[in-house]
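Numbering of the sequence shown is given in the UniProt record's numbering, commencing with residue 1 and proceeding in unit increments.
Heads up, the beta-carbon is just placed ideally off N, CA and C, and yes, glycines get one too.
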Amino acid sequence: ATIDVKDMFFMIPIQPEDMDRFAFTWEGQQYTFTRLPQGYRHSPTLAHHALAQELEKIPKSDDVAVYQYIDDILVGGDKIEVDKIEVVGDTQQRIISHLESLNLQIPTEKIQRPSQEVKFLGIWWKGGMTCIPPDTLTSLDQIRMPGSRKDLQQVLGLLVFWRKHIPDFSIIARPLYDLLRKGVKWDWTPSQEEALQLLIF
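Written as C-alpha coordinates, this is what we have:
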(Lines of atoms letter the chains of each structure in order from A and count residues from 1; the text may use other names and numbers.)
(Lines give C-alpha, C1' and ligand atoms only; values in the text may rest on other atoms or scores of the structure.)
Protein backbone atom coordinates (compact mmCIF):
# COMPACT_ATOMS: atom_id res chain seq x y z
CA ALA A 1 0.00 0.00 0.00
CA THR A 2 1.27 3.51 -0.72
CA ILE A 3 0.51 7.03 0.46
CA ASP A 4 1.71 10.32 -1.04
CA VAL A 5 1.45 13.45 1.12
CA LYS A 6 0.46 16.54 -0.87
CA ASP A 7 2.68 19.63 -0.64
CA MET A 8 4.63 18.25 2.32
CA PHE A 9 7.20 21.08 2.24
CA PHE A 10 4.54 23.76 2.55
CA MET A 11 3.10 22.05 5.62
CA ILE A 12 6.24 22.73 7.66
CA PRO A 13 6.26 26.19 9.30
CA ILE A 14 9.48 28.20 9.42
CA GLN A 15 10.40 29.48 12.87
CA PRO A 16 10.10 33.31 13.14
CA GLU A 17 13.81 33.64 13.99
CA ASP A 18 14.70 31.85 10.71
CA MET A 19 12.37 33.75 8.37
CA ASP A 20 14.99 36.34 7.41
CA ARG A 21 17.00 33.51 5.81
CA PHE A 22 14.11 32.89 3.42
CA ALA A 23 13.51 36.53 2.46
CA PHE A 24 13.41 37.58 -1.20
CA THR A 25 12.53 40.68 -3.20
CA TRP A 26 10.02 40.70 -6.03
CA GLU A 27 9.06 43.83 -7.97
CA GLY A 28 10.69 46.04 -5.34
CA GLN A 29 8.76 44.50 -2.45
CA GLN A 30 10.39 42.27 0.18
CA TYR A 31 8.72 39.00 1.15
CA THR A 32 9.64 35.95 3.19
CA PHE A 33 8.48 32.38 3.24
CA THR A 34 6.52 31.34 6.30
CA ARG A 35 6.51 27.71 5.21
CA LEU A 36 9.37 25.53 3.99
CA PRO A 37 9.96 26.32 0.29
CA GLN A 38 10.66 23.64 -2.31
CA GLY A 39 13.79 25.27 -3.70
CA TYR A 40 15.75 25.32 -0.44
CA ARG A 41 18.64 22.83 -0.47
CA HIS A 42 17.71 21.19 2.82
CA SER A 43 13.92 21.10 2.29
CA PRO A 44 13.81 17.40 1.29
CA THR A 45 15.81 16.38 4.36
CA LEU A 46 13.73 18.52 6.71
CA ALA A 47 10.45 17.27 5.22
CA HIS A 48 11.63 13.66 5.39
CA HIS A 49 12.66 14.05 9.03
CA ALA A 50 9.40 15.79 10.03
CA LEU A 51 7.27 13.05 8.44
CA ALA A 52 9.47 10.28 9.88
CA GLN A 53 8.89 11.65 13.38
CA GLU A 54 5.13 11.48 12.85
CA LEU A 55 5.27 7.96 11.39
CA GLU A 56 7.12 6.73 14.49
CA LYS A 57 4.13 7.73 16.62
CA ILE A 58 1.78 5.37 14.78
CA PRO A 59 1.43 1.86 16.23
CA LYS A 60 1.94 -0.99 13.77
CA SER A 61 2.11 -4.76 13.80
CA ASP A 62 5.54 -6.43 13.89
CA ASP A 63 4.93 -8.05 10.51
CA VAL A 64 4.21 -4.72 8.80
CA ALA A 65 7.03 -2.52 7.52
CA VAL A 66 6.74 1.18 6.76
CA TYR A 67 9.23 2.74 4.34
CA GLN A 68 9.39 6.42 3.62
CA TYR A 69 11.12 8.68 1.12
CA ILE A 70 10.44 12.37 1.74
CA ASP A 71 6.63 12.52 1.30
CA ASP A 72 6.07 9.05 -0.19
CA ILE A 73 5.19 6.15 2.11
CA LEU A 74 5.16 2.41 1.37
CA VAL A 75 3.38 0.07 3.79
CA GLY A 76 4.08 -3.61 3.28
CA GLY A 77 3.86 -6.99 4.89
CA ASP A 78 6.26 -9.89 4.76
CA LYS A 79 3.61 -12.48 3.89
CA ILE A 80 1.26 -12.86 0.95
CA GLU A 81 -1.66 -14.16 3.02
CA VAL A 82 -5.02 -12.40 2.91
CA ASP A 83 -5.00 -11.57 6.64
CA LYS A 84 -1.63 -9.81 6.22
CA ILE A 85 -3.11 -7.63 3.48
CA GLU A 86 -5.82 -6.64 5.95
CA VAL A 87 -3.19 -5.74 8.59
CA VAL A 88 -1.34 -3.62 6.00
CA GLY A 89 -4.62 -1.89 5.15
CA ASP A 90 -5.30 -1.15 8.82
CA THR A 91 -1.82 0.33 9.23
CA GLN A 92 -2.26 2.40 6.09
CA GLN A 93 -5.56 3.76 7.41
CA ARG A 94 -4.00 4.64 10.79
CA ILE A 95 -1.22 6.52 8.99
CA ILE A 96 -3.71 8.42 6.82
CA SER A 97 -5.90 9.30 9.84
CA HIS A 98 -2.90 10.50 11.86
CA LEU A 99 -1.51 12.64 9.04
CA GLU A 100 -4.92 14.14 8.27
CA SER A 101 -5.30 15.01 11.97
CA LEU A 102 -2.17 17.16 11.48
CA ASN A 103 -3.91 18.91 8.55
CA LEU A 104 -1.71 17.17 6.00
CA GLN A 105 -3.52 16.47 2.76
CA ILE A 106 -3.58 12.97 1.29
CA PRO A 107 -5.22 13.04 -2.17
CA THR A 108 -7.27 9.88 -2.73
CA GLU A 109 -5.78 9.47 -6.21
CA LYS A 110 -2.33 9.24 -4.58
CA ILE A 111 -3.34 6.30 -2.37
CA GLN A 112 -2.81 2.71 -3.53
CA ARG A 113 -4.70 0.23 -1.38
CA PRO A 114 -2.97 -2.98 -0.23
CA SER A 115 -2.20 -5.24 -3.14
CA GLN A 116 0.42 -7.68 -4.36
CA GLU A 117 1.39 -5.04 -6.94
CA VAL A 118 2.13 -1.37 -6.20
CA LYS A 119 4.12 1.40 -7.82
CA PHE A 120 6.40 3.25 -5.40
CA LEU A 121 8.93 5.90 -6.46
CA GLY A 122 8.53 4.82 -10.08
CA ILE A 123 9.38 1.20 -9.27
CA TRP A 124 6.82 -1.56 -9.68
CA TRP A 125 6.70 -3.92 -6.69
CA LYS A 126 5.12 -7.30 -7.33
CA GLY A 127 5.01 -9.93 -4.59
CA GLY A 128 7.85 -8.26 -2.68
CA MET A 129 10.14 -8.08 -5.73
CA THR A 130 10.86 -5.16 -8.02
CA CYS A 131 10.05 -5.46 -11.70
CA ILE A 132 9.83 -3.25 -14.75
CA PRO A 133 6.47 -1.38 -14.76
CA PRO A 134 4.03 -2.24 -17.55
CA ASP A 135 4.08 1.34 -18.89
CA THR A 136 7.89 1.13 -19.18
CA LEU A 137 7.59 -2.19 -21.01
CA THR A 138 5.26 -0.48 -23.45
CA SER A 139 7.78 2.30 -24.03
CA LEU A 140 10.55 -0.29 -24.51
CA ASP A 141 8.45 -1.93 -27.24
CA GLN A 142 8.38 1.41 -29.07
CA ILE A 143 12.18 1.85 -29.17
CA ARG A 144 13.45 2.02 -32.72
CA MET A 145 16.93 2.00 -34.20
CA PRO A 146 18.75 5.14 -32.97
CA GLY A 147 19.70 7.53 -35.75
CA SER A 148 22.38 9.40 -33.83
CA ARG A 149 24.67 9.27 -30.80
CA LYS A 150 22.16 11.37 -28.85
CA ASP A 151 19.33 8.94 -29.68
CA LEU A 152 21.48 6.02 -28.54
CA GLN A 153 22.36 7.81 -25.29
CA GLN A 154 18.64 8.32 -24.58
CA VAL A 155 17.86 4.66 -25.23
CA LEU A 156 20.73 3.50 -23.04
CA GLY A 157 19.65 5.92 -20.31
CA LEU A 158 16.27 4.20 -20.12
CA LEU A 159 17.76 0.72 -20.27
CA VAL A 160 20.48 1.41 -17.67
CA PHE A 161 17.83 2.39 -15.13
CA TRP A 162 16.39 -1.14 -15.41
CA ARG A 163 19.72 -2.97 -15.86
CA LYS A 164 19.31 -5.15 -12.76
CA HIS A 165 16.36 -6.80 -14.52
CA ILE A 166 18.39 -7.50 -17.66
CA PRO A 167 20.84 -10.40 -17.22
CA ASP A 168 24.36 -9.74 -18.58
CA PHE A 169 23.44 -6.15 -19.41
CA SER A 170 27.01 -4.84 -19.62
CA ILE A 171 28.14 -7.69 -21.88
CA ILE A 172 25.18 -7.36 -24.24
CA ALA A 173 25.39 -3.55 -24.33
CA ARG A 174 29.13 -3.46 -25.13
CA PRO A 175 28.67 -2.88 -28.92
CA LEU A 176 26.34 0.03 -28.14
CA TYR A 177 28.80 1.65 -25.75
CA ASP A 178 31.64 1.09 -28.23
CA LEU A 179 29.70 3.22 -30.71
CA LEU A 180 29.55 6.06 -28.15
CA ARG A 181 33.31 6.18 -27.61
CA LYS A 182 35.07 9.41 -28.41
CA GLY A 183 36.42 9.51 -31.95
CA VAL A 184 34.31 6.56 -33.17
CA LYS A 185 32.35 7.32 -36.34
CA TRP A 186 28.60 6.64 -36.19
CA ASP A 187 27.97 3.42 -38.09
CA TRP A 188 24.98 1.36 -36.99
CA THR A 189 25.80 -2.27 -37.79
CA PRO A 190 24.00 -5.60 -37.32
CA SER A 191 25.97 -6.20 -34.09
CA GLN A 192 24.50 -3.03 -32.55
CA GLU A 193 21.03 -3.92 -33.81
CA GLU A 194 21.32 -7.40 -32.30
CA ALA A 195 22.52 -5.98 -28.96
CA LEU A 196 19.63 -3.51 -28.83
CA GLN A 197 17.08 -6.21 -29.63
CA LEU A 198 18.49 -8.51 -26.93
CA LEU A 199 18.28 -5.72 -24.35
CA ILE A 200 14.72 -4.79 -25.26
CA PHE A 201 13.32 -8.30 -25.49
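Hey, residue i and residue j are a contact pair by Cβ (cut 8 Å); roughly how many whole angstroms apart?
{"i": "residue 12", "j": "residue 46", "result": "6 Å"}
{"i": "residue 192", "j": "residue 175", "result": "5 Å"}
{"i": "residue 49", "j": "residue 68", "result": "About 10 Å separates the two Cβ atoms, so there is no contact after all."}
{"i": "residue 95", "j": "residue 75", "result": "7 Å"}
Measure the CB-CB distance between residue i and residue j and report whether it falls below 8 Å.
{"i": "residue 88", "j": "residue 51", "result": "no"}
{"i": "residue 64", "j": "residue 77", "result": "yes"}
{"i": "residue 132", "j": "residue 165", "result": "yes"}
{"i": "residue 9", "j": "residue 38", "result": "yes"}
{"i": "residue 2", "j": "residue 72", "result": "yes"}
{"i": "residue 14", "j": "residue 36", "result": "yes"}
{"i": "residue 92", "j": "residue 114", "result": "yes"}
{"i": "residue 188", "j": "residue 149", "result": "no"}
{"i": "residue 127", "j": "residue 116", "result": "yes"}
{"i": "residue 198", "j": "residue 172", "result": "yes"}
Assign residue i to one of three DSSP states: helix, strand, or coil.
{"i": "residue 189", "result": "coil"}
Go ahead and label residue i buried or exposed: buried means 16 or more other beta carbons lie within 10 angstroms of its beta carbon, across all protein chains shown.
{"i": "residue 120", "result": "buried"}
{"i": "residue 29", "result": "exposed"}
{"i": "residue 153", "result": "exposed"}
{"i": "residue 23", "result": "exposed"}
{"i": "residue 125", "result": "buried"}
{"i": "residue 134", "result": "exposed"}
{"i": "residue 102", "result": "exposed"}
{"i": "residue 180", "result": "exposed"}
{"i": "residue 146", "result": "buried"}
Note down, one range per segment and in chain order, each alpha helix (DSSP H) of at least 4 residues found wholly within the UniProt domain "Reverse transcriptase" (1-125).
43-56, 82-101
Ranges of the alpha helix (DSSP H) found wholly within the segment 128-179, counting only runs of at least 4
134-141, 149-161, 169-179
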